[in-house]
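**Student:** Below you'll find the structure I mean.
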Amino acid sequence: MLTCKEASYLISKKLDDHLTWRDRIALRLHLMMCKLCRGYASDVSKLHVLMRDSGEEARALLPDSIKLSEQSRERITQALSKQTKHQLDNNQ
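One gets the working numbering by counting positions in the sequence shown from 1 and adding 34 to each.
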């Protein structure tokens, strides 16, 4: 059974990366039993949509000379995901 800390990590990771089938099942089971994590998952999902949508609008207003390529944004996202996982692993 996942702890709430582990579930919160997987909830965030799920937005940027694919979870293994084992993690998906463990998260689903945890969310069925934990009202607080269900609320957190809902809030994170809504925030993700708002940030994505506002980011696209803001990016459209930027001059091309200062925009990051899709490849650069993906590399940054992957690096942040790895850093977050590393920090979580060290805190356990």
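C-beta: ideal position from N, C-alpha, C; glycine also.
Keep in mind it's a predicted model, so treat the numbers as computed, not measured.
If residue 72 sits next to residue 61, beta carbons under 8 Å apart, how far is it from one beta carbon to the other, in whole angstroms?
**Tutor:** 11 Å between Cβ atoms; not a contact.
**Student:** On the criterion of 16 or more Cβ atoms from any shown chain inside 10 Å, does residue 45 qualify as buried, or is it exposed?
**Tutor:** buried
**Student:** Under 8 Å, do residue 115 and residue 39 count as touching if we go by C-beta distance?
**Tutor:** Annotated as distal: residue 115 and residue 39, with beta-carbon spacing of 8 Å or more.
**Student:** Less than 8 Å between the CB atoms is what I'm expecting for residue 193 and residue 101, so what's the real figure, rounded?
**Tutor:** Any answer about residue 193 is impossible in this case: the structure gives the chain only from 35 up to 126.
**Student:** If I'm right that residue 57 touches residue 111 with Cβ under 8 Å, what's the distance once you round it to whole angstroms?
**Tutor:** Cβ atoms of residue 57 and residue 111 stay farther apart than 8 Å, at about 18 Å.
**Student:** Please determine, among 42, 37, 36 and 104, the residue with the shortest C-alpha to C-alpha distance to residue 118.
**Tutor:** Here the closest residue by C-alpha is 42.
**Student:** So for residue 103, helix, strand or coil by DSSP?
**Tutor:** coil
**Student:** Can you list, in chain order, the stretches of the beta strand (DSSP E) that have 3 or more residues and sit fully within the segment 65 to 91?
**Tutor:** none
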